[in-house]
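Going by this note's numbering, the letters in the sequence shown line up with residues 410 to 688, in that order. Where is the CB? At the ideal position from N, CA and C, for every residue including glycine. Source: prediction; values computed, not measured. Structure first, then comments.
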Amino acid sequence: MSERGADEAGAGEAGAGEAGAGERGADELGATVAALTADEIEPARRRQLLTRLVGQARARGLGDLFKPRAAVRWMVDTVAEIAPHVPVRDLATLRRHFPGLDDDALADRLVRNAARATAGVGAAGGGVAAVEWAVTPTLLSAPVLLAAETVAVVAIELKLVGELHEVYGVPLPVGGTPRAVALVHSWASQRGINPMIPGAGVGAVLGTAARRELRETLLRRFGRNLTTLGPFLTGAAVASYLNRRATRGLADQVRADLHRKRRMLPGAPPALPGASAAG
């Protein structure tokens with residue numbers, strides 16, 4: 410083989426190696442985020458997962474300097490990347506996990522669990538921040554922590570949005586990527602997907618307008634989280650409260666829109682035999 414051919418072959422192998430490492434990194438990041446979306450996690454385990462997410466954020470190009478714009482760009486790319494990994498339960502699975510609840514009572518339970526989970530992320534972030542603030546040079550890593558916390562909260566809310574669609578009988582697109590893109594659109598706009606337009610909001614990648622909407626929504630969340638920084642655990646209670654309130658606000662908007670959209674569908678939604686109206 411000529412010297413040039415050897416160089417090209419080596420470059421190709423290096424490119425393939427970098428691509429493989431990138432895919433492994435995405436899978437590892439997705440696995441961490443998916444674990445953070447579980448309904449019930451012990452505080453110590455949640456803090457461990459968030460710390461791991463911070464490390465993965467740094468490894469994937471989000472530096473330690475105080476650059477909120479860079480953090481927001483990273484969050485947009487990361488949310489789009491991890492969305493297919495978010496575990497959304499179908500209606501049958503939800504019925505098994507929460508038996509005897511009618512649609513609204515089941516939705517109430519999902520919202521409650523998600524709000525607790527995002528509040529827990531805020532509290533866990535305060536625990537990680539305690540370490541960050543205890544060692545002065547690491548104060549510059551605050552945006553990394555907040556970006557990681559924001560991504561974790563968005564993942565929990567993406568799961569909630571998907572499961573609310575299941576509860577209210579508004580079908581999501583089939584397939585990992587189309588469903589993920591539809592969920593990101595729904596989360597960023599705080600509306601349900603349009604069930605009467607086939608393929609609405611579905612694509613292999615987020616379009617320019619969708620990325621702008623996602624970026625603006627993430628920027629609002631990230632900016633709000635910046636106000637929770639404080640020495641040791643002083644920001645944890647505030648972050649917990651703000652996360653819980655934001656998750657409930659998102660759920661209220663999406664549920665109201667799903668109620669309207671369900672009326673657009675042909676036929677009435679099936680009733681759950683023996684379901685308790687009170688929940």
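key: Endpoints, the alpha helix (DSSP H) within which Thr-460 is located   = Counted from its first residue, the sequence shown places residue 460 at position 51. Note, Thr-460: alpha helix (DSSP H), 452-468.
query = Of the residues Ala-655, Arg-588, Arg-600, which one's Cα is nearest the Cα of Val-563?
reply = On the sequence shown, residue 563 is found 154 positions in, with the first residue counted as 1. Considering only alpha carbons, the answer is Ala-655.
task = Could you tell me how far apart the beta carbons of Phe-631 and Ala-480 are, in whole angstroms, since I believe they sit closer than 8 Å?
result = To locate residue 631, count along the sequence shown from 1; it is residue 222. To locate residue 480, count along the sequence shown from 1; it is residue 71. Phe-631 to Ala-480, Cβ: 6 Å. Contact.
ask   = By the 10 Å Cβ neighbour count, where 16 or more other Cβ atoms means buried, how is Pro-452 classified, buried or exposed?
value = Within the sequence shown, the letter at position 43 stands for residue 452. Exposed: under 16 other Cβ atoms inside 10 Å.
inquiry  = Quick check on DSSP: helix, strand or coil for Leu-510?
reply    = The residue given as residue 510 occupies position 101 in the sequence shown. Here Leu-510 sits in strand by DSSP.
task = Could you have a look at Ile-565 and say whether DSSP puts it in helix, strand or coil?
result = As a first step, residue 565 is located in the sequence shown; it is residue number 156 there, counting from the start. Helix.
For Val-583 and Asp-486, the rounded distance between their alpha carbons = Within the sequence shown, the letter at position 77 stands for residue 486. Within the sequence shown, the letter at position 174 stands for residue 583. Distance between the alpha carbons of Asp-486 and Val-583: 22 Å.
query = How big is the Cα-Cα spacing for Glu-575 and Pro-493?
reply = On the sequence shown, position 166 is the one that residue 575 refers to. On the sequence shown, position 84 is the one that residue 493 refers to. Each residue's alpha carbon lies about 16 Å from the other.
request  = Could you have a look at Ile-491 and say whether DSSP puts it in helix, strand or coil?
outcome  = As a working note, residue 491 is residue 82 in the sequence shown. Ile-491: helix per DSSP, three-state reduction.
message = For the ligand GTP, is there any heavy atom lying closer than 7 Å to the beta carbon of Arg-455?
response = Ligands in the displayed structure: none, and consequently the ligand GTP is not present.
query = Given that a residue counts as buried once 16 or more other Cβ atoms are within 10 Å of its Cβ, and exposed if not, what is Thr-441?
reply = As a first step, residue 441 must be located in the sequence shown, where it is residue number 32. That one is buried.
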